[in-house]
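Numbering (my numbering), first residue to last: 45 to 408.
Before any comments, here is the structure.
What follows is the structure, given as structure tokens:
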């Protein structure tokens, strides 16, 4: 099947701006459970792997200290609390936490950390504890989107600004939190659908390994995928959907059930790499060969990109976890009294058989 032309089109991305320029532009425009989690530390690889911000749309909503409540401060003298949502058995979470720690160290900022171990009640108590320990600013990677009222009320009482990353809290921007920094998850789903359409020829039965329930990432990645399939490949039918909880073991279990109930399945869309790697393990265990079932995933971990090189995975849509520099730059800009965007969208790349081998150095 001829794929080169279409892949080149898929890899074309909108204009991006550098981190420092992006924050300034948002202000003026409106204002691993895995074997190898090491990364290439060369300056060129690090620059290539860093998060980049999509050029903000004119008229986008912003937030300032005056609008949010509270006063100006110096980030260097502040204590920042970081709440991680999930067990760091997932390369995304490992890279995300390390990025926060690295940036705090680089800036000389005192950092308090907590890990909810994938328990939402613990995350709520974790953040309350960070506030009790004197956190002046909060960076939160939420496990769920709902249920944050106790934390938001406690932070508001102390006038502690909150930046959320990766998953969204269902609350009011510039009232309950300052900014939300993340990828465009609907667009990730669309791009995954494009890769699946190309890999399958746009015909056959496909399955979705859903992420965890109760957060916007799962909902939006599913919506983007389904909407694009309906628009561009009506002969590609989604015949199976079940949560793999963003976990490799669960992804393997669900895929084992899938290939028993749907032996003719042509493709699997896994809403993160860990579930996709679990699907690969299940297919190998069932005696399948690489390419028998097309697998498309989202994240960009080294093991998933290696899966493309090895022929087991058809494509990976990147979801960059290196939030540290952008989160701290947002807090720094905000605490100085300048405007920051309420929604900061990251540009994500993609891995295909055309670029996986050469691009694996920037995977995490």
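Virtual Cβ for every residue (Gly too), placed ideally from N, Cα, C.
When the Cα atoms are used, what is the spatial distance from residue 347 to residue 403?
Distance between the alpha carbons of residue 347 and residue 403 is about 12 Å.
Give the DSSP-derived three-state secondary structure of residue 404 in the structure shown. Here residue 404 carries a helix assignment [DSSP, helix/strand/coil].
Report task. Classify residue 363 as helix, strand or coil using the three-state DSSP reduction. Result -> The answer is coil: DSSP assigns residue 363 none of H, G, I, E or B.
request  = Express the C-alpha separation of residue 236 and residue 399 in angstroms, rounding to a whole number.
outcome  = Rounded to the nearest whole angstrom, the C-alpha separation of residue 399 and residue 236 is 16 Å.
Review point. Counting contacts by CB-CB distance shorter than 7 Å, is residue 284 in contact with chain B?
Key: Looking at the structure shown, chain B is missing, and only one protein chain is on hand.
Review point. Under a three-way DSSP split, which group does residue 63 fall into?
Key: Legend: pLDDT at residue 63 = 39, less than 50; position of this residue unreliable, value from coordinates given subsequently. Correct three-state label for residue 63: helix.
Quiz prompt | Assigned secondary structure, residue 35 (DSSP; H/G/I helix, E/B strand, else coil) | solution = In the structure as shown, the chain begins at 45 and stops at 408. Residue 35 is therefore absent and cannot be evaluated.
CB of residue 298 within 7 Å of CB of residue 316, strictly = Residue 298 is not a Cβ neighbour of residue 316, given a cutoff of 7 Å.
Notebook entry, point to check: Which one of 143, 309, 166 has the shortest CA to CA distance from residue 373?
Noted result: For residue 373, the nearest C-alpha among the options comes from 143.
DSSP three-state label for residue 252, please.
Looking at residue 252 - three-state DSSP - the assignment turns out to be strand.
Practice prompt. Please look up how many angstroms separate the CB atoms of residue 129 and residue 187, rounded, as I've assumed it's under 8 Å.
Written response: In this structure residue 129 is in contact with residue 187, their Cβ atoms being roughly 4 Å apart against a cut-off of 8 Å.
- Tell me where the beta strand (DSSP E) around residue 338 begins and ends. Element bounds for residue 338: 338-343.
Are there 16 or more other CB atoms within 10 angstroms of the CB of residue 201, so buried, or fewer, so exposed?
Residue environment analysis places residue 201 among the exposed positions, since fewer than 16 neighbouring C-beta atoms fall within 10 angstroms of its C-beta.
query: How would you label residue 88, buried or exposed, when you count the other beta carbons within 10 angstroms and need 16 or more for buried?
result: Residue confidence is low: residue 88 scores 45 on pLDDT, short of 50, so the model does not pin down where it sits. No coordinate-derived value is stated.
Is the Cβ-Cβ distance between residue 208 and residue 385 less than 7 Å? It is not a contact, given that the beta carbons lie outside the stated cut-off.
Margin query: By alpha-carbon positions, which one of 377, 334, 116 ends up nearest to residue 357?
Written below: Ranked by Cα distance from residue 357, the first of 377, 334, 116 is 334.
Extent of the continuous beta strand (DSSP E) to which residue 313 belongs
Secondary structure note for residue 313: its beta strand (DSSP E) is the uninterrupted segment 311-314.
Worksheet item: For the alpha helix (DSSP H) that contains residue 200, what are its first and last residues?
Response: It spans 193-201 - the alpha helix (DSSP H) in which residue 200 sits, taken as one unbroken run.
- Determine the closest residue to residue 292 out of 314, 354, 238, with distance taken between C-alpha atoms. Residue 314 is the option with its Cα nearest to residue 292.
Could you tell me the alpha carbon to alpha carbon distance between residue 302 and residue 350, rounded to whole angstroms? So the two alpha carbons sit approximately 24 Å from each other.
Fill in: Proximal residues to residue 366 (C-beta, below 7 Å), its chain only, five neighbours per side dropped
Only 93, 94, 95, 139, 143 meet the Cβ criterion.
Boundaries (first-last residue) of the beta strand (DSSP E) holding residue 157
In this chain, the beta strand (DSSP E) harbouring residue 157 covers 154-159.
- Hey, could you find the ends of the beta strand (DSSP E) residue 142 is sitting in? Unbroken run through residue 142 is the alpha helix (DSSP H), 135-151; no beta strand (DSSP E).
- Task: Since I believe residue 114 is in contact with residue 205 (beta carbons under 8 Å), could you give me their beta-carbon distance rounded to a whole number of angstroms?
- Result: Going by Cβ atoms, the distance from residue 205 to residue 114 rounds to 7 Å, so yes, they are a contact pair.
message: Mapping the DSSP letters down to three states, classify residue 227 as helix, strand or coil.
response: DSSP places residue 227 in strand when its eight states are reduced to three.
What would DSSP say about residue 391, mapped onto helix, strand or coil? Looking at residue 391 - three-state DSSP - the assignment turns out to be strand.
**Message:** Less than 8 Å between C-beta atoms, sequence neighbours within five positions excluded: which residues of the same chain meet that for residue 160?
**Reply:** The beta carbon of residue 160 sits closer than 8 Å to those of 127, 128, 129, 130, 166, 167, 170, 187, all from its chain and outside the five residues before and after it, given in chain order.
### Query
With residue 124 and residue 181 assumed to form a contact (beta carbons below 8 Å), what rounded beta-carbon distance in angstroms separates them?
Contact flag correct, Cβ pair sits at about 5 Å.
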